Each structure stands twice: as structure tokens, then as C-alpha cells.
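Asker: Residue numbers (our numbering): 59 to 497.
Cβ coordinates follow ideal geometry from the N, Cα and C atoms, glycine included.
Note that this is a predicted model, so its numbers are computed, not measured.
Would you mind keeping the following structure in view while I ask a few things?
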């Protein structure tokens, strides 16, 4: 799992490195700062749109080959970005790199889930996603420091070197024997969106992470009174965010295995809501800002594991498809946060972003509870096949997962179960039980 986690870190670092280097991009490529900021938006949108398409193209490949191919695509795009003579070509290269990232992250998470027993699924996903958290929180400060000393192109070469190390690790450490799921068309991959349970859960993820990324994207502007605009102090804030977020992300996975995804998600959202409301109280002091960022980070980047756990629990045979959709939603949240945050700054100044983020967290909390109620109200079919997520999000695989599949699915991935029809499986018994229901 740590190997896959490093792979995720390597392929996800590119986007967040550039987020910390916008002034260098502006000066080096002779564009405005808002224009330079579009590298983040383009990268996020490309991940969201290209990830599912590439996942469809590679569906019949082995997981090892898919992971290696995604890493190579990312490496080619990153090298192209380092060499790009114009801003337009930089955007094209970043879109290519983003395609590799959009494919790699969900496949790595699904592979991790396939390699462990069901009771350790949340922990395995969290371990892999810790790499994404590290890229998000450490990428920008590392890029700021490295780019200030050597220029943004040197930073891109450094990011490319990380990818090379990741590829070497995949070649050496990923098993060849991981089964390949049956090929699926793009339409089949979008079928889960017709399931209200899946749709509301994904909406919860999008709004929740938009809340967090509104602050993260504009962290330099929000904490300018405390940092005085010094890049080194901004980097310290981001480093603090990352150090705490990595521990929080893994802890969320462990807690998800114990109490379920619904409870962990509610705790995270309430935590984020309170922190965002308190934001105006701390931005005047650098020491207080460091403490605040550390407290927020405990829950801020800890919501992926419980949300993926809930999604997989709704329909285990379609785990890889659901994880891919989850990853696309994360990137849509990153892109959306830039627009929402920019509008907030324009209308109310940076001081208003805490309230904007708090409102989004409150909406996400309502959506999370709605997702639970929708899942709990899903009618059971198939006799005693009571697979589903309880009030906390744990999956009970004590019955048939599909009318055509005998016995429970031992691991929640397509590779471990027969090939059910995605449409038929959406009407299957997986549901989220209410607290008083019998297991």
C-alpha cells in the first residue's frame, strides 16, 4: 500500500506544485496572474474528464499495466510542461499529465482495496489516498521553495523525477497476478449515476471538498494579514496543513473501519464547519494561523476514505467504476473552488471566504445525511442478500451480491466477483441501514 501511496503522490504533485508557483509562471510566460491560475483549473478539469475515458480504454488491461501506463502518460505531460515555450503549450502539456493522474489515482485505490481483506478496506484506501493528501498539502510549499530558488521549469523536472521513481517502484512492487475486470464501455461507467444513492453521495463529496479547497486555493490571500505576503510563511502554513492532514487521513480510514463512513463524514464536516466560522479570529496572527491550519487539517482532507467506503458499500461489484467517479468529483471540486472562491473574494474580500466555506460545509452535511436516508430507503431484493452500509458505512456481505453470483464477494472489486450486469446490480440489495436495523 505505501508503494501505491507514493505513486499517487508522484502523479498528483504536479497540479499543486504549480498552484504555489503562479507568480513565476506569470513572469516567465508573460501572462496575468489570473491567467496563470488557469493551469490549476485546466489540470483539475482534465483529470475529471479524461480519467473515466482512459479508464474505459484500459478496462481490459491488467491493473499493473494500467498503473504503469498512467504513470508514463503523466511523465510525458510533465516533461512537456517543463519544456513548454508558451503558456498555451503549457496548458496542453498539463492536460496530458492530468490524464495520467486521472487514470492512476482511482486504479491505485481500487487495487489497494483488492489486495486486502474486506475488514481492512478503509485502511487500505486511506493509505493510498494519503499520497493524494501529501501532494495537495506538500506540493505547493515545495514548489514555492524550489521554484523561488531555481525557477518553475526546474521544479517541473523535479516533479518528473518523482514520476520516474514511482514507475520504478511499480515495476518492482506491484503484483502481476491482480485480475483484470471485464471491459466496460463509457456508458456502463456512467450507469451508477442513475442510482440516487450514488448520485447524492457524489454530490456530498463535491460540495464538501469545494468547501476545503476554497480556503486552500486562496490560502495566501486569506492569511496575508498574518504572513505579510511572505512566501516562506505561506509555505509554513501549507506544510503544517500537510503534516497534520496525512495523519488525519489515515486515522479517518481506521475510524471508518470501526464506526462506518457516515459517522466519520459527519464528524469531519462539523469539524470543518466550526473551523471555517472561526477563521476571522485567527488571520491577524501568524502563530494563531499555524495552530488554526493544523486543527482544520485534522478533518479537511480526511473525507475521501469514508466517502469511497460508502460508495463501494453501495455496490461492491462496481467498486472500480465508483472510485473513478469519486476521483472525477474531487477534481471537479478543485476546479469549482477556484471559481467560488474568486467570486467570494470579488464580492466580499478574502475575509468572506470562511463564511462561504462554512456554508458549503453545512450544505454537504445535509447532503451526507440525505445520502444515508436515500440508501436506507432502498428496497431490498434478492431474498436475504442484505449487503449494504450501516449507519456508519460498514458493508455486510452476508448474502448474494447478485442473483447470478453465488456466495458473498470476498473483496469489493470487480476482479473478485462474477461479472454482473451494471444496470441490474444497481437494483441490488446494497443499502445503508438505519441505526436500529438488525445486521
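1. Can you tell me which of the three DSSP states residue 173 falls into?
2. Tell me whether residue 121 sits in a helix, a strand or coil according to DSSP, three-state version.
3. So residue 383 and residue 187 are in contact, right, with Cβ under 8 angstroms, and what is the actual spacing, rounded?
4. Could you say if the region 132-144 and the region 210-227 meet the contact criterion of at least three C-beta pairs nearer than 8 angstroms?
5. CA-CA distance, residue 389 and residue 103?
6. Which runs of the alpha helix (DSSP H) fall wholly inside the region 342-380 and span at least 4 residues, in chain order?
7. One question on the structure: do residue 334 and residue 252 come within less than 8 angstroms of each other, judged by their Cβ atoms?
8. Counting only runs of 4+ residues fully inside the region 186-254, write out the alpha helix (DSSP H) ranges in chain order.
9. If we require 4 or more residues per run, which alpha helix (DSSP H) segments fall completely within the region 289-340?
10. Can you give the Cα-Cα distance for residue 209 and residue 431, rounded to whole angstroms?
11. Rounded to whole angstroms, what is the Cα-Cα separation between residue 351 and residue 285?
12. Please state whether DSSP places residue 287 in a helix, a strand or coil.
13. Between residue 399 and residue 276, how many whole angstroms is the CB-CB distance? I'm expecting something under 8 angstroms.
14. Please list, in chain order, all residues of the same chain as residue 362 whose beta carbon is under 6 angstroms from its beta carbon, the five residues on each side excluded.
15. Which whole runs of the alpha helix (DSSP H) in the region 403-442 are 4 residues long or more, in chain order?
16. What's the C-alpha gap between residue 110 and residue 180?
17. Can you confirm whether the region 313-328 touches the region 290-300 when touching is taken to mean that 3 or more C-beta pairs between the two stretches lie within less than 8 angstroms?
18. Alpha carbon to alpha carbon, how far is residue 356 from residue 306?
19. Assuming residue 206 contacts residue 289 (C-beta within less than 8 angstroms), just tell me the rounded distance between them.
20. Given residue 154, which residues of its chain have a CB within under 7 angstroms of its CB, disregarding the five upstream and five downstream residues?
21. Which whole-angstrom value describes the C-beta separation of residue 421 and residue 271, a residue pair presumed to lie in contact below a C-beta threshold of 8 angstroms?
22. So for residue 155, helix, strand or coil by DSSP?
23. Excluding the 5 residues preceding and the 5 following residue 222 in the sequence, name in chain order all residues of the same chain whose CB lies nearer than 8 angstroms to its CB.
24. Could you check if residue 144 is buried or exposed, using at least 16 other CB atoms within 10 Å of its CB as the buried criterion?
25. With 16 as the cutoff for other CB atoms within 10 Å, does residue 374 come out buried or exposed?
26. From the DSSP output, in three-state form, read off residue 281 for me.
27. When DSSP labels each residue in this structure, what does residue 89 get in the three-state scheme?
28. By Cβ distance below 6 angstroms, which residues in the same chain neighbour residue 82 in space, the five residues on each side in sequence not counted?
29. Would you be able to state if there are at least three C-beta pairs under 8 angstroms between the region 59-79 and the region 161-177?
30. Over what stretch of residues does the alpha helix (DSSP H) that includes residue 276 continue unbroken?
31. Assuming residue 269 contacts residue 353 (C-beta within less than 8 angstroms), just tell me the rounded distance between them.
Answerer: Concretely, from the data shown:
1. coil
2. helix
3. That pair is no contact at about 15 angstroms.
4. yes
5. 6 angstroms
6. 344-358, 362-372
7. no
8. 210-231, 244-248
9. 289-317, 319-336
10. 51 angstroms
11. 13 angstroms
12. coil
13. 5 angstroms
14. 187
15. 411-434
16. 23 angstroms
17. no
18. 5 angstroms
19. 6 angstroms
20. 131, 134, 135, 138
21. Not quite, the Cβ-Cβ distance comes to about 15 angstroms (not below 8 angstroms), so this is no contact.
22. helix
23. 133
24. exposed
25. buried
26. coil
27. coil
28. 205, 210
29. yes
30. That residue, residue 276, is in no alpha helix (DSSP H); it is neither H nor E in DSSP.
31. With 8 angstroms as the limit, residue 269 and residue 353 do not qualify as a contact, their Cβ atoms being about 15 angstroms apart.
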